[in-house]
Amino acid sequence: MEASAAILAERRCKWQSKKILRKLYHKWYSQIGEWIRPGVVLELGGGSGNLKEHFPDAVSSDIVFAPWLDAVLDAHKLPFRSETFDDIVLFDVLHHLSAPVLFFREADRVLKPGGRVVLMEPYVSWGSYFVYRFLHAEGMQWLVDPFETNLTRKDAFQGNQAIPRIIFENERERFECSFPDFKFLEERRLETLLYPLSGGFHNPSLLPSTLYRPLELIESVLKPLNRYLAYRIFIVLEKAMKPLKGWH
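For what it's worth, this note's numbering labels the leading residue of the sequence shown as 255, then goes sequentially.
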């Protein structure tokens, strides 16, 4: 656990020192904010505590303790009463979970009717495959079942970047059948140039600040090709409202 806490501290230091990274994440957090309902927000995988800069009242959590977090918990078994939260935010968390299906069951339980799950995850496209497969620290395994309910012992900081595409594309129908209470409110593939050139948390940036705006404009032109070039996927799920008593 000490090693895990050290990873969070290292990422927080990187966040504070890498201006281009903060600029990108601030943009993404603004997108997240457009879909968060007013109310009680739970963040899973709070990591270096970046979300609280935008949503200071959010309950920010991770699997290890850090002074800037509010809680230590496991996303597979949330220690909260049913219908507690209005929103659950996961930023680069889903692909780290041993059994994603257990999280979605818990999200369905602890969200209020009309509550939302807001996710930002890696997206393996034709354009991003080489980088994620050969240059990224995390793995990519396609022959896995994200609907498996047996928890396996693994390093929570090691992820499978294929998971979001498996769940939301390859196994989309299975997901919708497994969780009929959730409907897709928003689904967006994004980031073709700025994110990979930023180097993320692990690599040095190849993006001079003077090129940020021009590349942002080029990305907007490339939007029709995002399904083939994108590095990220943004998903918003909304839990169904309860039918009014007496209505049929």
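Even glycine gets a Cβ: it sits at the ideal position worked out from N, Cα and C.
Just curious, the beta strand (DSSP E) that residue i is in, first and last residue?
| i | result |
| --- | --- |
| Asp316 | Val313 to Asp316 |
| Leu439 | Phe436 to Leu444 |
| Leu296 | Val295 to Leu298 |
If you count every other CB in all the chains shown that lies within 10 Å of the CB of residue i, and 16 or more means buried, which is it?
| i | result |
| --- | --- |
| Tyr383 | exposed |
| Ala206 | Nothing about residue 206 can be reported from this structure: the residues present for the chain run from 255 to 502 only. |
| Asn424 | exposed |
| Phe488 | buried |
| Asn457 | exposed |
| Lys360 | It should be pointed out that residue 360 corresponds to Glu in this sequence rather than to Lys. It is buried - the Cβ of Glu360 has at least 16 other Cβ atoms within 10 Å. |
| Arg335 | exposed |
| His502 | No answer about His502 holds up, because its pLDDT of 49 lies below 50 and its placement is not dependable. |
| Phe429 | buried |
| Gln415 | buried |
| Gly293 | exposed |
| Gly287 | exposed |
| Lys493 | buried |
| Ser284 | exposed |
| Pro418 | buried |
| His349 | buried |
| Arg486 | buried |
| Tyr482 | exposed |
Where do the N-terminal and C-terminal ends of the alpha helix (DSSP H) with residue i fall, by residue?
| i | result |
| --- | --- |
| Pro450 | Leu448 to Ser452 |
| Asp362 | Pro354 to Val364 |
| Ala319 | With the sequence shown as reference, residue 319 is identified as Phe, and Ala is not the correct amino acid for it. Here Phe319 belongs to no alpha helix (DSSP H), and DSSP marks it neither H nor E. |
| Ile274 | Lys273 to Gly287 |
Under three-state DSSP, which class holds residue i?
| i | result |
| --- | --- |
| Cys267 | helix |
| Ile487 | strand |
| Leu373 | strand |
| Arg387 | helix |
| Phe253 | Past the edges of the chain, shown from 255 to 502, lies residue 253, and the structure says nothing about it. |
| Asn414 | strand |
| Ala325 | strand |
| Phe429 | helix |
| Glu492 | strand |
| Pro468 | helix |
| Leu348 | helix |
| Ile290 | coil |
| Pro478 | helix |
| Phe422 | helix |
Taking Cβ positions only, does residue i come closer than 9 Å to chain D?
| i | result |
| --- | --- |
| Ser271 | Here there is only one protein chain, and chain D is not present. |
How many whole angstroms separate the CB atoms of residue i and residue j, which I take to be in contact at a CB cut-off of 8 Å?
| i | j | result |
| --- | --- | --- |
| Tyr466 | Lys277 | 7 Å |
| Glu445 | Ala484 | 6 Å |
| Leu461 | Leu448 | 7 Å |
| Gly369 | Phe339 | 6 Å |
| Phe433 | Phe358 | 6 Å |
| Pro354 | Ile421 | 6 Å |
| Asn404 | Arg443 | With a Cβ gap of about 31 Å, Asn404 and Arg443 do not count as contacting. |
Is residue i a contact residue of the ligand COA, with contact defined as CB to any heavy atom under 8 Å?
| i | result |
| --- | --- |
| Leu479 | Because no ligand of any kind appears in the structure shown, any question about the ligand COA cannot be addressed here. |
key: Sufficient close CB pairs (3 or more, under 8 Å) joining the region 375 to 382 to the region 328 to 335   = no
ask   = Does the count of Cβ pairs from the region 466 to 483 and the region 391 to 402 closer than 8 Å reach three?
value = no
query = Taking one C-beta from the region 335 to 346 and one from the region 283 to 297 each time, how about it: are there three or more such pairs within less than 8 Å?
reply = yes
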